[in-house]
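Those protein sequences? They're chains A and B, same order as listed. Heads up: the first sequence is residues 93 to 497, going by the working numbering. Heads up: the second sequence is residues 36 to 271, going by the working numbering.
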Amino acid sequence: MSELKKRAEGARDKNAVLGPDIDLEEYTKGPSDYAPVPSISDVPESYHDGFLNIGVDVSEKDRSGSFVQVDSSVLCSTTAQEGLEVLGITDAINKYDWLEDYLWRLVSVDTDKYTSRAELELSGGYFIRAKKGVKSVYPLQACMYIGEDHTFQNVHNIIIAEEGSELHIITGCATGKHIQNSIHIGVSEFYVKKNAEISFTMIHNWAPEVNVRPRSAMLIEGGGVFINNYICMSPVKSLQTYPTAYCEGKNSTAVFNSIVYATDDSNIDVGSKVVLSGEGSKTEIISRMIAKDSSSVTARGHISGTVSGVKGHLECNGLLLSQNARIHAIPELNAAAEDVELSHEAAVGKVAEKEIQYLMARGLSSDEATALIVRGFLNVEIKGLPDHLRREIQRTIKTSQDSFM
Amino acid sequence: MLLIEDLTVEVGNKRVIEGLSLHIPEKETHLLFGPNGSGKTSLIMAIIGAPSYKVIKGRIIFKDVDVTDLPTNERVKLGMGVAFQMPPVIRGVRLKDVLRIHTESLSKGGVMDQMNKMGLSAQFLDRDINYGFSGGEIKRSELLQLMFQKPEFTMFDEPDSGVDIENMEVVGKALGELLEGRSGLVITHMGYILKYIKATKAHVLIDRSIRCSSDPQAIFKQIMECGYGRCVECLS
Chain A
93 MSELKKRAEG ARDKNAVLGP DIDLEEYTKG PSDYAPVPSI SDVPESYHDG FLNIGVDVSE
153 KDRSGSFVQV DSSVLCSTTA QEGLEVLGIT DAINKYDWLE DYLWRLVSVD TDKYTSRAEL
213 ELSGGYFIRA KKGVKSVYPL QACMYIGEDH TFQNVHNIII AEEGSELHII TGCATGKHIQ
273 NSIHIGVSEF YVKKNAEISF TMIHNWAPEV NVRPRSAMLI EGGGVFINNY ICMSPVKSLQ
333 TYPTAYCEGK NSTAVFNSIV YATDDSNIDV GSKVVLSGEG SKTEIISRMI AKDSSSVTAR
393 GHISGTVSGV KGHLECNGLL LSQNARIHAI PELNAAAEDV ELSHEAAVGK VAEKEIQYLM
453 ARGLSSDEAT ALIVRGFLNV EIKGLPDHLR REIQRTIKTS QDSFM
Chain B
36 MLLIEDLTVE VGNKRVIEGL SLHIPEKETH LLFGPNGSGK TSLIMAIIGA PSYKVIKGRI
96 IFKDVDVTDL PTNERVKLGM GVAFQMPPVI RGVRLKDVLR IHTESLSKGG VMDQMNKMGL
156 SAQFLDRDIN YGFSGGEIKR SELLQLMFQK PEFTMFDEPD SGVDIENMEV VGKALGELLE
216 GRSGLVITHM GYILKYIKAT KAHVLIDRSI RCSSDPQAIF KQIMECGYGR CVECLS
């Protein structure tokens, strides 16, 4: 048994530090024998509904490529631009010996039982790479779909932007309407090489009884930029994720924007952690959390500055739309060097009465005023993205809002 | 247009208006004077129907409709409007989102004409409402919104405070335009604005109620010369 497998075995039953514990023995591996198709337009129509709210476009208009995985089967992986690569992770490991060096380098295999299972019972994932100097004209799209009940989907994704390249990815996760209880474990490791850029927009649209445990980390080299946009607008049983970006390179940048609209009795614990250890590195973490019904949201944020001259800002705003919902904001700043500039602002509360009153004095009803304030609250200015991608994200937020509010 | 009968209003457990009566006939503009904390803003908030302003006693009749228990937006539908003194910042809600409540299309020339008239540049449309607005910009943005709302009866809470001399004319003219042929109630401390509006009557609010009503120029002159101290003396 390899060293890696041994460590994974050792963590098989290791509880995670955060999030409610999940008994993984309840689930079996989702089917891995679905027939692959040549392109996303050939994916069976029964899945198309699930693609609607997660930014996945079957027509591939304004897309540089597609990856679709249903349960444990990779249905397609295609690219439309020279220099961009999209492969199933297993195919990629077989193709590239060097990929070994990238697997489990940023996320430890023995972090908890979820990372352990991703190694021991892998059910897929993708490998996406932009070769040196290649800039993706349109975003690549990736979709993870759970179609079978009581199954696990344990994926491992590797994303690499080689030196001077630019990679934009929209990834959507969804489940079939009938899914009662399933679990998605996703390990994602991002490598932003020198002067490269990755923007990664993830849209979650799970079902009310699905558990989700992403485990992500990013390494950003000199002059590199990593932008993460996370959008979750639909109910989920429990979701816990706390990605860590390591800004090791000189003047590297990490940006996290998170938008969460929690409903029903969803238990959502999301955060972003950034370690600024590269000279002149900087970060901005912005989150907007809305909690409705009897949902519970924990919004974490952590910035560590370990060399002088780094800058970080953390902004966490929460809006409570019901008496029974709760939002717990936990912003943390850790300055471990001189001349480190870290700041945070956090505000959590109900919609301010005077704001509703103001809009009512302009003629809106109380409900209309609240809706406009909520829309405004979610209207996060996402910087550093190509225009069409920014519009796409705004459109997705709007579509999900229309369907869930 | 507006008839207030023996109105008593509380905020929390604090009485802010007590036994106040006021009548503003159609096409008349009245002024409201009074020292700080006397209840002027509270009166406007009660007339527009802010939920935290509880009517304990009395009635508010607007265009022959008893609006005492109507929500704010219903009163607005009937034709009320208000320019707030200190409107709240609403992050993410832009000025154009609020203008859209009353105007279908913002791309038409009309909006830009009005903005130019109010001395607001086009970029204001995309600003979060009241966020980082200067005192004068807040006033002009409030008036701009009312230009599109076109209320039959408009209340102005100190439209001239915090406005520099250069912008006073802009604000004054806008006020004059909004009140032309319509009705209004204007809270003011300063005389400049009187040049632009044809007020028919002024009221002095002291200690939660209207204590004196008379000719606007006469009351203003009196206050300028002797302050509200004289009013109190005169009343006691």
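For every residue, glycine included, the Cβ atom is placed at its ideal position computed from N, Cα and C.
Let me see if you follow: with CB-CB separation under 7 Å, is residue i close to chain A or not?
i         : result
Val117(B) : yes
Gly74(B)  : no
Ala85(B)  : yes
Pro123(B) : yes
Asn48(B)  : no
Asn108(B) : yes
Gly127(B) : yes
Val90(B)  : no
Val133(B) : yes
Ile82(B)  : no
Val111(B) : yes
Ile136(B) : yes
Leaving aside the five residues before and after residue i along the sequence, list all residues of the same chain whose C-beta is less than 7 Å from its C-beta, in chain order.
i         : result
Val272(B) : Here chain B covers residues 36 to 271 and nothing more, so residue 272(B) does not appear.
Gly102(A) : Asp202
Leu181(B) : Gly116, Ala118, Thr189 and Leu213
Gln149(B) : Leu179 and Met182
Taking C-alpha atoms, which residue in the options lies nearest to residue i?
i         : options                                       : result
Glu473(A) : Ile351(A), Ser200(A) and Lys285(A)            : Ile351(A)
Ile59(B)  : Lys236(B), Gln180(B) and Val111(B)            : Lys236(B)
Lys446(A) : Gly93(B), Asp101(B), Asn151(B) and Pro86(B)   : Pro86(B)
Leu210(B) : Ile228(B), Ile200(B) and Ser56(B)             : Ile228(B)
Ile422(A) : Val432(A), Ala428(A), Leu413(A) and His436(A) : His436(A)
Gly170(B) : Met150(B), Pro123(B), Pro186(B) and Thr138(B) : Pro123(B)
Gly127(B) : Asn409(A), Arg418(A) and Leu413(A)            : Asn409(A)
Ile83(B)  : Leu67(B), Val111(B), Lys152(B) and Arg265(B)  : Val111(B)
Gly74(B)  : Gly54(B), Glu61(B) and Glu63(B)               : Gly54(B)
Thr491(A) : Ala428(A), Ala383(A), Tyr353(A) and Lys374(A) : Tyr353(A)
Can you tell me whether residue i is buried or exposed? The criterion is at least 16 other CB atoms within 10 Å of its CB, across all chains shown.
i         : result
Gly262(B) : exposed
Lys98(A)  : exposed
Arg155(A) : buried
His270(A) : exposed
Arg392(A) : buried
Ala453(A) : buried
Pro306(A) : buried
Pro186(B) : buried
Trp298(A) : buried
Gly289(A) : Residue 289(A) is actually Glu in this sequence, not Gly. Per the 10 Å Cβ criterion, buried.
Between residue i and chain B, is any beta-carbon pair separated by less than 7 Å?
i         : result
Phe282(A) : no
Phe143(A) : no
Leu456(A) : yes
Phe219(A) : no
Gln486(A) : no
Glu57(A)  : Outside the shown range of chain A (93 to 497) lies residue 57(A), about which nothing can therefore be said.
Gly468(A) : yes
Leu464(A) : yes
Tyr322(A) : no
Tyr450(A) : yes
Ala438(A) : no
Ala383(A) : no
Ala453(A) : yes
Asn246(A) : no
Asn343(A) : no
Asn471(A) : yes
Residues in the same chain with beta-carbon distance under 8 Å from residue i, minus the five sequence neighbours each way, listed in chain order, please.
i         : result
Thr76(B)  : Gln120, Asp192 and Ile222
Ser215(A) : Lys121, Gly122, Ser124, Asp163, Ser164, Phe244, Gln245, Asn246 and Val247
Tyr126(A) : Val162, Asp163, Ser165 and Leu167
Ser248(B) : Lys236, Ala237, His238 and Val239
Val150(A) : Ile132, Ser133, Val135, His140 and Phe143
Keeping to the same chain, check which residues put their C-beta closer than 6 Å to that of residue i; ignore five residues upstream and five downstream.
i         : result
Asn249(A) : Gly217, Tyr218 and Ser280
His420(A) : Thr390
Ile465(A) : Val443 and Glu447
Leu198(A) : Glu281, Ala309 and Leu311
Lys89(B)  : Glu45
Glu40(B)  : Ser56, Gly93 and Arg94
Ala383(A) : Ala354, Val389, Leu412, Ala417 and Ile419
Exercise for the section: Tell me, please, whether the stretch 395-403 of chain A touches the stretch 457-465 of chain A by the rule of three or more beta-carbon pairs shorter than 8 Å. Expected result: no
Exercise for the section: Evaluate contact between the stretch 333-343 of chain A and the stretch 362-370 of chain A, counting only Cβ atoms and requiring at least three cross-stretch pairs below 8 Å. Expected result: yes
Exercise for the section: Specify whether the stretch 253-267 of chain A and the stretch 229-236 of chain A touch according to this definition: at least 3 beta carbon pairs, one from each stretch, less than 8 Å apart. Expected result: yes
Practice task
Specify whether the stretch 239-253 of chain A and the stretch 110-123 of chain A touch according to this definition: at least 3 beta carbon pairs, one from each stretch, less than 8 Å apart.
Solution key: yes
Practice task
Pull out every residue of the stretch 176-202 of chain B whose Cβ sits closer than 8 Å to any Cβ of chain E, in chain order.
Solution key: Looking at the structure shown, chain E is missing, and the protein chains on hand are A and B.
Problem - contact_flag[the stretch 220-231 of chain A, the stretch 251-260 of chain A] where n(CB pairs < 8 Å) is 3 or more - result: yes
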